[in-house]
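Per our numbering: the sequence shown ends with 857, consecutive numbering throughout. Quick reminder that beta carbons are idealized off the backbone N, C-alpha and C, glycines included. Just so we're clear, the structure is a prediction, and the values are computed from it rather than from any experiment. Encoded as C-alpha cells, the structure appears first; notes follow it.
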Amino acid sequence: MKIVLRDLNEDEPKELQAEYNPKSLDLEFVDLKYEGPLHLQAMALKSQKTLHFWGDLTARVEEICARCLESVHEDVDRPFDLFYETEDKEEIDTLNDLREVLILEHPVSFLCRPDCKGLCPQCGCNLNLEKCGCHAKTQETKPFSRLDQIVRRVKEDSSNG
Ligand SMILES: [Zn+2]
Ligand SMILES: [Zn+2]
C-alpha cells in the first residue's frame, strides 16, 4: 500500500483498508496457497518526522504439513507494526514490508500439529491416522542385530578352540 503523506493530518490516526491478490504479490510457497484475497486493515498516524503504520493482514490459506503431507485450511492473522521516516518524502510505499511480514511469519517447515507422526517410510501410511506393522519388522531385521549375532558366534568359536 502506498501512503500519500499529504492525505494525512498530523497526529490524526487514519483508518486504511485494502485487498490484495496474493498471486500478484508473489506470496505463495510450495507448501502455502492462498484461497482468497489478502485483506489489510490498518491505521496510519503521521507525526512530525515519522509515519506509524500498524494493523493486521488476514487471509484464508491452505498449508501442507511437511511430515504427513496433509493439507490444513486455516485463517491466518499477521499483525504488523511499522515505522517510517517521512522527511523529504511525499509518499511511503509499504508493500515490500508487508510482503516481508507475511514471508517471515511463514514457518520454514509447517506442521499440521506439533507432534505430527508423519508418514511411514516403508508403506507410506499416515501414522496419525493408522498403525502399520512396518516398525516392528524393521526392528527384527536391523543390520546391527545381525552383526551382533555374527560377533557372538565368532567369540563362541574362539573360546571352544
Ligand atoms: Zn502432519
Ligand atoms: Zn508402514
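Boundaries of the alpha helix (DSSP H) harbouring L800: 791 to 801, taken from the DSSP string. Here the alpha carbons of D727 and P709 stand approximately 37 Å from one another.
The way I'd put it, the region 809 to 818 doesn't touch the region 776 to 794; fewer than three beta-carbon pairs between them come closer than 8 Å.
The beta-bridge partner set that DSSP reports for L721 is empty. The DSSP-derived three-state label of R763 is coil. Distance check between H735 and each of K745, L704, F776 places F776 closest, using alpha-carbon atoms only.
Ranked by Cα distance from Q737, the options N705, D773, P718, T746 are led by D773. Inter-residue distance for E796 and C830 is about 43 Å (C-alpha atoms, whole angstroms).
In the DSSP assignment, V804 falls outside any beta strand (DSSP E) and carries neither an H nor an E. The C-alpha of L800 is placed about 23 Å away from the C-alpha of L712. Using a cutoff of 8 Å, the CB of G820 does not count as near ligand 1, since none of the ligand's heavy atoms is closer than that.
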